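Just so you know, the sequence shown maps onto residues -21 to -1, 1 to 238 in mature numbering (1 follows the signal peptide of the UniProt record, and there is no 0). Comments concern the structure below.
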Amino acid sequence: MKIVALVVALLAVFGFATASAATRAEPGPADTVLARGELRVCSTGDYRPFTYRDPAGRWSGIDFDLAGDLAQRLGLRPALVQTTWARLAGDVGSRCDLAMGGISVTAERARLATYSTPYQRDGKTPITRCADVARFGTLAQIDRPGVQVVVNPGGTNEKFARTRLRQATVLGHPDNNTIFDELLAGRADLMITDASETRWQSRQHPQLCAVHPDHPFTDDEKAYLLPHGSGLLLGYVNGWLRTIREDGTYAAVTRRWLG
């Protein structure tokens, strides 16, 4: 009964269910999370400004801050679990309760897990040395022999490059935290990634410039990943997303990181 009472209280906070609806709900991931008292969040820790884990193990970023806010509102302890882009969807439901950290919505991931309501629109665009911006404004300019495009393995950046580029050389780089050093050192010409990341990285590295981030090559959405059959847990997350947009929390967090 203690778990049911907590479920009712949480649903009331987010305003999308009644006590009778909570009482009828079948036991599921939400019950496990509440009983454990801990919200386990998978994140790659290598995709700033959304998520970053430094060498000392300290986490930061937009979705790290938001994960803490979600856990606090649910009365739970947040616990970050590091994963990789290749393992991300498979880890949800086994190693963690949900995944956060700039995750693009794709059909492949949707087969393995369930997405929350999208919380941001984004799209793929190049970032390169500022002197080369005019060289890489279109895919036709990029997809030429001799052009070297660096990618981080296992995510949508790699999929985009390997699917859309036929003549350019696609170079894999295993560490997304150091991948922009490849551009600075001249070992690669450009990277194609989400416009939000290109904006942030160009502020950290004045030698690098985002190429038309307001007009990316794609129109994508970002959301959080939960296990299939999440039921009430998915409801909590979607209700929380609506709440933080309405009360200004989301705007304040993103403004702190994106300006």
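Ideal placement from N, C-alpha and C gives every residue a C-beta, glycine not left out. Model, not experiment: these values are computed from the prediction.
{"query": "Span of the alpha helix (DSSP H) around residue 140", "result": "135 to 143"}
{"query": "Other residues of its chain near residue 109: CB distance less than 7 Å, five sequence neighbours each side excluded", "result": "186, 187 and 188"}
{"query": "Between the CA atoms of residue 18 and residue 104 - distance to the nearest angstrom", "result": "33 Å"}
{"query": "C-alpha gap between residue 54 and residue 16, whole angstroms", "result": "8 Å"}
{"query": "Cβ pair residue 202, residue 102 closer than 8 Å", "result": "no"}
{"query": "DSSP three-state assignment for residue 58, whether helix, strand or coil", "result": "strand"}
{"query": "In DSSP terms, what residue 189 is bridged to", "result": "106"}
{"query": "Endpoints, the beta strand (DSSP E) within which residue 240 is located", "result": "The chain is shown from -21 up to 238; residue 240 falls before or after that span and cannot be answered."}
{"query": "Terminal residues of the beta strand (DSSP E) in which residue 63 lies", "result": "Here residue 63 belongs to no beta strand (DSSP E), and DSSP marks it neither H nor E."}
{"query": "Per DSSP, the bridge partner or partners of residue 199", "result": "101"}
{"query": "Three-state class that DSSP yields for residue 146 in the structure shown", "result": "coil"}
{"query": "Straight-line gap, residue 122 to residue 184 (C-alpha atoms, nearest Å)", "result": "25 Å"}
{"query": "Residue of 67, 81, 107 and 79 minimising C-alpha distance to residue 90", "result": "67"}
{"query": "Residues of its chain near residue 78, where Cβ-Cβ distance is below 6 Å and the 5 sequence neighbours each way are ignored", "result": "21, 67, 71 and 204"}
{"query": "Exposed unless 16 or more other CB atoms sit within 10 angstroms - verdict on residue 1", "result": "Unreliable positioning characterises residue 1 in this predicted model, as indicated by a pLDDT of 39, which lies under 50. A coordinate reading is not provided."}
{"query": "Residue 223, enclosing alpha helix (DSSP H) - first and last residue", "result": "211 to 225"}
{"query": "Where residue 53 sits in the DSSP three-state scheme", "result": "coil"}
{"query": "Coarse secondary structure for residue 33, derived from DSSP in three states", "result": "coil"}
{"query": "Residue closest to residue 226, alpha-carbon to alpha-carbon, out of 35, 48 and 12", "result": "48"}
{"query": "N- and C-terminal bounds of the beta strand (DSSP E) containing residue 84", "result": "Counting along the chain, residue 84 falls outside any beta strand (DSSP E), and DSSP gives it neither H nor E."}
{"query": "Backbone secondary structure at residue 175 - three-state DSSP", "result": "helix"}
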